[in-house]
Amino acid sequence: MVPSPLRVPAVTDYIQPHIQSNFGNPKIRKLHAAKTPIVLSLIFISSINYISFHNSSNRRKGEEEDMERQKKFVKKTRVIKVGSEESWDCYVTKASKQGYPVVVHFSASWCTPSRAMSPFFEELALEYKSVLFLSVDVDEAKEVASKLEIKAMPTFVLMKNGAPDYKLVGANPVELRKRIKGFINC
Numbered sequence: 001m002v003p004s005p006l007r008v009p010a011v012t013d014y015i016q017p018h019i020q021s022n023f024g025n026p027k028i029r030k031l032h033a034a035k036t037p038i039v040l041s042l043i044f045i046s047s048i049n050y051i052s053f054h055n056s057s058n059r060r061k062g063e064e065e066d067m068e069r070q071k072k073f074v075k076k077t078r079v080i081k082v083g084s085e086e087s088w089d090c091y092v093t094k095a096s097k098q099g100y101p102v103v104v105h106f107s108a109s110w111c112t113p114s115r116a117m118s119p120f121f122e123e124l125a126l127e128y129k130s131v132l133f134l135s136v137d138v139d140e141a142k143e144v145a146s147k148l149e150i151k152a153m154p155t156f157v158l159m160k161n162g163a164p165d166y167k168l169v170g171a172n173p174v175e176l177r178k179r180i181k182g183f184i185n186c
């Protein structure tokens, strides 16, 4: 829901009617001229307070909506982000002991095709529940990328029993889906 635009009352909204009603009386004009700077500063301060209060409440609403979206996203994802060689070894070892195949997406934050493939990779993870899906940022986990000789992004590696079985280089969603389907059915 888009909030309605703010209309901050203009200074003339407060002063103009008073000036017009007493314009003919010179004593009131002098008195009014002396008080105008005070009135203007009070109006300005109250306008700023109104704007800052309104913006902070909108910001809180926006932050709450963002948190809700993130919670939904966190619940939906099955892709595990690997940030170090230790966590890589842990996940791959557990998967191989339990007999789960592993599909790894090697990416980089600066690589547009990698970022474009991430939502598709998430979709595959939701579709194939019997597979462990890992995501490795090559800039964060350089040791893992060099161990598997990753030279281009995005690269997808399909692993069985802790060893790489197939490597797909490039952003090709159709080929990736076909390879995973064949990899699981073997």
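Residue 60 in UniProt numbering sits at position 60 of the sequence shown; the count goes up by one each step and never skips.
Yeah, the Cβ is synthetic: ideal placement off N, Cα and C, and Gly gets one too.
If you compare the alpha carbons of T155, D165, F133 and L176 with that of S107, the shortest gap goes to T155. One thing to note: V79 has its Cβ no nearer than 9 Å to the Cβ of E149. Per DSSP, T155 is one residue of the beta strand (DSSP E) stretching across T155 to K160. In this structure S130 touches Y100 by the C-beta definition: roughly 7 Å separates them, less than 8 Å.
Close CB contacts of T93 within its chain, under the 8 Å cut and outside five residues either way in sequence, are with G162 (chain order).
In the DSSP secondary-structure assignment, F133 is bridged to V79 and V103. Residue state for Y91 is assigned as helix, using DSSP reduced to three classes. In this structure W88 is buried. Its beta-carbon is surrounded by 16 or more other beta-carbon atoms within 10 angstroms. Taking the C-beta atoms as reference points, S84 is found no nearer than 9 Å to V104. The residues E85, W88 and V136, in chain order, have a CB closer than 6 Å to that of V144 in the same chain once the five nearest residues on each side in sequence are set aside.
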